[in-house]
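In what follows, a single structure is set out as structure tokens and then discussed.
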Amino acid sequence: MRSLLGGVTLVGLAAGLVMGFAIAPREATQGNVQRIMYLHVPSVWVAYLAFAVVLVASIAYLVRRAEAADRLAHASAEVGVLFTGLTIATGSIWGKPTWGTWWTWDARLTTVSILFVMYLGYLLLRGMIEDRERGARFAAVLGIVAAFNIPLVHFSVYWWRTLHQPPSLMKPGPGTMPGIIVTALLVNFAAFTLLYAYFVTRRARVLRLEAEAEA
Amino acid sequence: MVWKDLLVERRSKETLNALFFFGLLLLFVFQFALGPDRERLAGTLPGLLWLGFILSGLLGLGRTFVVERENDCWEGLLLAPGDKSAIYVGKLAGNLLLMLVIETILLVLFGFFFNLDLTHVLPALAVVIALGTVALAAVGTLFAAMTAQVRARELLFPVLLLPVEAPVLLATVKATEAVLLGEPLGSVAHWLKLLAAADVVYIAVGVLTFDFVMEG
Chain A
26 MRSLLGGVTL
36 VGLAAGLVMG
46 FAIAPREATQ
56 GNVQRIMYLH
66 VPSVWVAYLA
76 FAVVLVASIA
86 YLVRRAEAAD
96 RLAHASAEVG
106 VLFTGLTIAT
116 GSIWGKPTWG
126 TWWTWDARLT
136 TVSILFVMYL
146 GYLLLRGMIE
156 DRERGARFAA
166 VLGIVAAFNI
176 PLVHFSVYWW
186 RTLHQPPSLM
196 KPGPGTMPGI
206 IVTALLVNFA
216 AFTLLYAYFV
226 TRRARVLRLE
236 AEAEA
Chain B
328 MVWKDLLVER
338 RSKETLNALF
348 FFGLLLLFVF
358 QFALGPDRER
368 LAGTLPGLLW
378 LGFILSGLLG
388 LGRTFVVERE
398 NDCWEGLLLA
408 PGDKSAIYVG
418 KLAGNLLLML
428 VIETILLVLF
438 GFFFNLDLTH
448 VLPALAVVIA
458 LGTVALAAVG
468 TLFAAMTAQV
478 RARELLFPVL
488 LLPVEAPVLL
498 ATVKATEAVL
508 LGEPLGSVAH
518 WLKLLAAADV
528 VYIAVGVLTF
538 DFVMEG
């Protein structure tokens, strides 16, 4: 089952890369640099998905006290931080030729970087507590606080400043992107989601084995 | 709970003296770091003000539950009858009072050292400060209860609190900037709404999750 998920993910990622970097047309004004979007946008999606899973698993842990829920939250937070980092890295690589700078305090950049440090703190807290049960409880509380904070971060940063181009995929009205680009993007979305599921299941399994080895 | 509250206040006097001194030192540091240029200071004033608030808040809030451990009152807290969230509300009220006192002192010191006349903007400024302080104290009290039970707590507390408070800091600094320029509160209504929403969310999450923080 696990290796099946891994295999499907691999095929999906390969298909996504081919779609994005070979089949999809070259963007007229930005050139090939634009192709990084096929990695950038799905990364953000996975990051938000991961943090949503952290919230749900944290609440589930506090209610049910199932260690599996705690491991799911832990694994998901780690993968979330990884993909938040990927988002920042790919965005930076795209930003240098397009905006002329690696980094700018634009609204969405700032939001993502705040999420990054917030969940980095979450992982730090987990690492600092030896007692497994206490660590799980505290992390769950922090996971809930952090998730409820996301909308506040979003609005505050949005009002603070904005420079990022508006999202081009989900906006109402007729789409401006040709179908092939949308298809390529959707394939990558699916592949990244599978990759997320694969990482989280593997990581949760390692955490379970670690717990068993300790017990 | 009222008793608990009074206890916190009485104890906070020792913290208060130290924090007052810390605030004074901060002002010196700001002055030395930025030089005596009045123009530049005026531009950075809202940020400096909140930097002062948040730094002294970090020190003050972080000690909330540490004193309970030092004084061996922790078990007493855990054994206290009734809802644990009552402890949270009591601690929050105590912290709020402490921070507001410190902030008032800092504000006076800022006015004195930077030669500002704040009297005409004081009501508007008070609204912004009150809203921001509630948000700071609400999360700070919850996190302080957690980090008091963890090693390297004085390191972990700011590391956890600062990212979470990022939206509050953005909102308060922007709102303070506008208020200091003499703009009416209506022009920063969206920031005030955001702060109010943050206050409500933080307190609600704090009350609901505090039970789990105080289990063992």
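Those sequence lines, one after another, are chains A and B. Using the numbering used here, you'd call the opening residue of the first sequence number 26 and step up by one each time. Using the numbering used here, you'd call the opening residue of the second sequence number 328 and step up by one each time. Where a beta carbon is used, it is the ideal one built from N, C-alpha and C, also for glycine.
Contacts around residue i, its chain only, beta-carbon distance under 8 Å, and the 5 residues preceding and following it disregarded
| i | result |
| --- | --- |
| H179/A | T136 |
| F141/A | V106, T109, G110, I113 |
| V33/A | L219 |
| V477/B | L483 |
| S514/B | A505 |
| L508/B | none |
With 16 other Cβ atoms within 10 Å as the buried cut-off, status of residue i
| i | result |
| --- | --- |
| P408/B | exposed |
| A47/A | exposed |
| T460/B | buried |
| F359/B | exposed |
| K501/B | buried |
| V43/A | exposed |
| G198/A | Note that G198/A scores 47 on pLDDT, short of 50, meaning its location in the model is unreliable and no value can be drawn from it. |
| S138/A | buried |
| P485/B | buried |
| R390/B | buried |
| A91/A | exposed |
| L482/B | exposed |
| V356/B | exposed |
| D131/A | buried |
| V36/A | exposed |
| W128/A | exposed |
| P363/B | exposed |
| V71/A | buried |
| R242/A | This structure does not reach residue 242/A, given that chain A is present from 26 up to 240, and the question cannot be answered. |
| R367/B | exposed |
| K418/B | buried |
| R151/A | buried |
Run of the alpha helix (DSSP H) containing residue i, from where it starts to where it stops
| i | result |
| --- | --- |
| M153/A | 132–153 |
| D538/B | 516–540 |
| W124/A | 92–124 |
| I432/B | 411–440 |
| E492/B | Counting along the chain, E492/B falls outside any alpha helix (DSSP H), and DSSP gives it neither H nor E. |
| T446/B | Here T446/B belongs to no alpha helix (DSSP H), and DSSP marks it neither H nor E. |
| W184/A | 157–185 |
Per-residue contacts from residue i into chain B (C-beta, under 7 Å)
| i | result |
| --- | --- |
| I154/A | V477 |
| M143/A | P490, V491 |
| V178/A | A493, P494 |
For residue j and residue i, believed in contact at Cβ under 8 Å, the rounded distance
| i | j | result |
| --- | --- | --- |
| M426/B | L376/B | Rounded, the Cβ-Cβ distance is 13 Å, inconsistent with contact. |
| L488/B | L385/B | 7 Å |
| D95/A | A161/A | 4 Å |
| I206/A | A49/A | 5 Å |
| A102/A | L38/A | That belief does not hold up - the Cβ atoms of A102/A and L38/A are roughly 22 Å apart, past 8 Å. |
| A498/B | L522/B | 5 Å |
| A525/B | P494/B | 7 Å |
| V528/B | V416/B | About 16 Å separates the two Cβ atoms, so there is no contact after all. |
| F537/B | L87/A | F537/B to L87/A, Cβ: 12 Å. No contact. |
| A471/B | F392/B | 5 Å |
Beta-carbon neighbours of residue i, restricted to chain A and to distances below 7 Å
| i | result |
| --- | --- |
| T536/B | V166, I169 |
| V532/B | I169, V170, F173 |
| E542/B | R162 |
| A505/B | The premise fails here: A505/B is roughly 12 Å from chain A at the closest Cβ pair, so nothing lies under 7 Å. |
Contacting residues, own chain, Cβ-Cβ under 7 Å from residue i (five flanking each side not counted)
| i | result |
| --- | --- |
| Q55/A | T123 |
| L80/A | G168, I169, A172 |
| G116/A | H65, L134 |
| G374/B | V500 |
| T126/A | G120 |
| L346/B | S383, L386, G387, I429 |
| L405/B | M541 |
| A93/A | none |
| G45/A | R60, Y63, A209, N213 |
| F349/B | S383, L386 |
beta-carbon residue i near the ligand NAP non-hydrogen atom, thresh 7 Å
| i | result |
| --- | --- |
| L388/B | In terms of ligand content, the structure shown is empty, and the ligand NAP therefore cannot be addressed. |
Where residue i meets chain B, residues with beta-carbon distance less than 9 Å
| i | result |
| --- | --- |
| W184/A | L497, A498, K501, H517, W518, L521 |
| G15/A | No statement about residue 15/A is possible, as the shown extent of chain A runs from 26 to 240 and does not include it. |
Listed by chain order, chain A residues near residue i by CB distance under 8 Å
| i | result |
| --- | --- |
| P511/B | In chain order: nothing, as chain A lies at least about 18 Å away. |
| P373/B | Simply none; closest approach about 13 Å. |
| A471/B | In chain order: nothing, as chain A lies at least about 12 Å away. |
Other residues of its chain near residue i: CB distance less than 6 Å, five sequence neighbours each side excluded
| i | result |
| --- | --- |
| G204/A | none |
| K196/A | Low local confidence applies: a pLDDT of 48 at K196/A is under 50, so the model's placement there is unreliable, with the coordinate-based value given in what follows. Here the set comprises nothing. |
| V78/A | S101 |
| A75/A | S101, V104, G105 |
| P67/A | N213, F214, F217 |
| A85/A | A94 |
| R227/A | none |
Closer than 9 Å at the beta carbon, the chain A residues around residue i
| i | result |
| --- | --- |
| F539/B | L87, R162, F163, A165, V166 |
| V416/B | The premise fails here: V416/B is roughly 17 Å from chain A at the closest Cβ pair, so nothing lies under 9 Å. |
* Asked: Which residues, in order along the region 100–130 of chain A, keep a beta-carbon less than 8 Å from a beta-carbon of chain E?
  -> This model lacks chain E altogether, as its protein chains are A and B.
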